[in-house]
Each structure stands twice: as structure tokens, then as C-alpha cells.
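Chemist: Handing you this structure, nothing more for now.
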Amino acid sequence: CILCLKQWIVVPLFIKMNIDKSRLKAKMALEKLYEDTCNIYTYEKITDVNTGITRQIKKIYLKNVSCRMSFSNFPSTTDDEQAKLTQSIKLFLPSDILIKAGSYVSICRQGLTTDYVCSGKPAIYKTHQEINLELYNDFA
């Protein structure tokens, strides 16, 4: 019957609308926890017209993006059996921002600015994205 068919279409649509509304609420709740800000830079290849040499320059991609950092410490052992403490750094950002692996991120947290490099592709979810970071080392 046509009425029964309409119920099969309307009910899933109603459920999807409720799920979307719930995800939006969850996304807004997560973004309220973003206490830090970051500037995101990408590297762009530039060729010198006089010399023909191509080099990479750091170029601002996004400024003052709200974010949150998470730190995890875990012990790791080496061949010399001396335990070291390894730190895992994760950046939480809104899911609608496109971040490339290898991007440079400058994060302002509690008034201190620290530079990091994205160590991989972001894990993107409906409500946020998570990016593993490595401390940037000028001398590497």
C-alpha cells in the first residue's frame, strides 16, 4: 500500500535528520573545548627564474584556527635496556579544514607558541579531525 511505502521513506529520513542534529551538537560541544589557536603553513615550490633552482618556501595557509592539543606519555625501551619516556602529541581541529601531511603548524597554547610538523594524514571524523604532530626541529 502507498501509505506503508511512505512510512518506510519518512521514518529513515526522520532518523537521519536526528542523527545529523546530534552530530552538529556534538561538533559544537567539542569546539567549545578548543582553547588553543594555531597557524598552519604549507610548503610551496618556487623556481628562481634567473638560476632555474627550485626550492620550497613556507607559506601561510590558515591563521588563528581554534584547536586543542592532547599529550600522551608512554615508556619505550631500547636495545641498551634503558627506559625512555616517549610523548605522543595530537592536534584536534574542526573536520572541515583540509590539512596536508607534512604541513607546518605553529600552536599558541597558554601564551606560549611552539612549532610542530604534521607527521601523517589526519584522521577525519564527522565532528572533528585528529592529527599526530612531531616537534619541529630547526636543526634536523
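According to the working numbering, the residues represented by the sequence shown are 339 to 478, in order. Glycine included, every Cβ here is placed at the ideal spot set by N, Cα and C.
If we count Cβ pairs, one from each stretch, closer than 8 Å, do we get three or more for the stretch 362 to 375 versus the stretch 419 to 428?
Modeler: At 8 Å Cβ cutoff, the stretches do not touch.
Chemist: Give the list of continuous alpha helix (DSSP H) stretches no shorter than 4 residues that lie fully inside the stretch 382 to 417.
Modeler: Segments of the alpha helix (DSSP H) lying fully in the stretch 382 to 417: there are none.
Chemist: So Thr375 and Val403 are supposed to be a Cβ contact under 8 Å. How far apart are they, rounded?
Modeler: Working through the sequence shown from its first residue, we reach residue 375 at position 37. Working through the sequence shown from its first residue, we reach residue 403 at position 65. At roughly 6 Å, the Cβ-Cβ gap stays under 8 Å, so Thr375 and Val403 are in contact.
Chemist: Any idea what DSSP makes of Ile357, helix, strand or coil?
Modeler: Here residue 357 corresponds to residue number 19 of the sequence shown, with the count starting at 1. Correct three-state label for Ile357: helix.
Chemist: Taking the straight line between their C-alpha atoms, what separation do you get for Ile378 and Gln394?
Modeler: For the purposes of this step, residue 378 is taken as residue 40 along the sequence shown, with counting starting at 1. For the purposes of this step, residue 394 is taken as residue 56 along the sequence shown, with counting starting at 1. Distance between the alpha carbons of Ile378 and Gln394 is about 16 Å.
Chemist: Can you list, in chain order, the residues of its chain whose CB lies under 7 Å from that of Ile398, leaving out five sequence neighbours each side?
Modeler: Position 60 of the sequence shown, counted from the first residue, corresponds to residue 398. If we look at Ile398 and ignore the five residues flanking it on each side, its Cβ neighbours are Asn377, Tyr379.
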